[in-house]
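Notes for the one structure printed next.
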Amino acid sequence: MTVQPIRLFGDPVLRTPADPVVDFDAELRRLVADLTDTMREQSGAGLAAPQLGVGLRVFTFDVDDVLGHLVNPVLEFPDAEEQDGPEGCLSIPGLYFDTKRRQNVVAKGFNSYGDPVQIVGTGLMARCVQHETDHLDGVLFVDRLDPAGRKEAMKAIRQAEWYDAAAPPTVKLDPHAGNPFGLGR
446 MTVQPIRLFG DPVLRTPADP VVDFDAELRR LVADLTDTMR EQSGAGLAAP
496 QLGVGLRVFT FDVDDVLGHL VNPVLEFPDA EEQDGPEGCL SIPGLYFDTK
546 RRQNVVAKGF NSYGDPVQIV GTGLMARCVQ HETDHLDGVL FVDRLDPAGR
596 KEAMKAIRQA EWYDAAAPPT VKLDPHAGNP FGLGR
C-alpha cells in the first residue's frame, strides 16, 4: 500500500477506456489499497485506476464518511432528477466547474474479492460515482460542460501551474450527447 503519482490532464491514459477486471486476486487488492491511500493523501472524494496509469475498471471513494471501492461498475438511474454544482478532479488539480449530473444513482459491481456490491447514492455520492465511472470510460468531467464552460475550463487548464503544453490536451464533446447522463450504458 503506497501513495502513487496521479496522472494529469493531457496524459493519454485518461482518455483510454479501461478494461474490465477479470482477476480478483491479490494484485487487484493492492491496486485498491494504492487507490485508497493516494485518494486519501490527496483529500479526494474518489479516484479511478486510470488516474494511476492502470487501465482497469476499478475506483475508490470516500464520501460522507463512507469509504469503499467498486470494480466493473454499471450505473442505473432511478429517476431523471438532476443536480448542478461545482466539480473538480485530482487529474485537473485546483480547478472546479459547475457540472450537471444525475441526483440519484444505483451502481452495481463487485468488491476486490469478486463479491457483488451495490451502491445507492444521492447528491455528492451520486456525483462521485458518475465522475469515477466516467474516468473508466475515458471521459473527463470537462467533457460534460457546455461549450462556454469547456472554453472557460480549457483556458484555466492552460494557465494552471501544473499544465504541460508538451502533452497536447484532448477535449471531447459530451460522449452521451442527447443522452447526457449515459442512460442505457
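Residues in the sequence shown are numbered consecutively from 446, following the numbering used here. Cβ atoms here follow ideal geometry from the backbone N, Cα and C, with glycine treated the same way. Nothing here was measured: the structure is a model prediction, and the numbers come from that model.
Query	Result
Between PRO465 and ILE564, what straight-line distance do the alpha-carbon atoms span, to the nearest angstrom?	18 Å
Taking only the alpha-carbon atoms, compute the straight-line gap between ASP588 and LEU520 and give it to the nearest angstrom.	19 Å
Is LEU581 closer than 8 Å to ARG502 when the C-beta atoms are compared?	yes
With a threshold of 16 other CB atoms inside 10 Å of the CB of ALA471, please say whether the residue is buried or exposed.	exposed
Along the beta strand (DSSP E) that carries ASP509, what are the first and last residues, could you check?	Counting along the chain, ASP509 falls outside any beta strand (DSSP E), and DSSP gives it neither H nor E.
If you compare alpha carbons, which of ARG603, GLN449 and LEU459 is closest to LEU540?	ARG603
Do you know how far the Cα of HIS576 is from the Cα of LEU585?	8 Å
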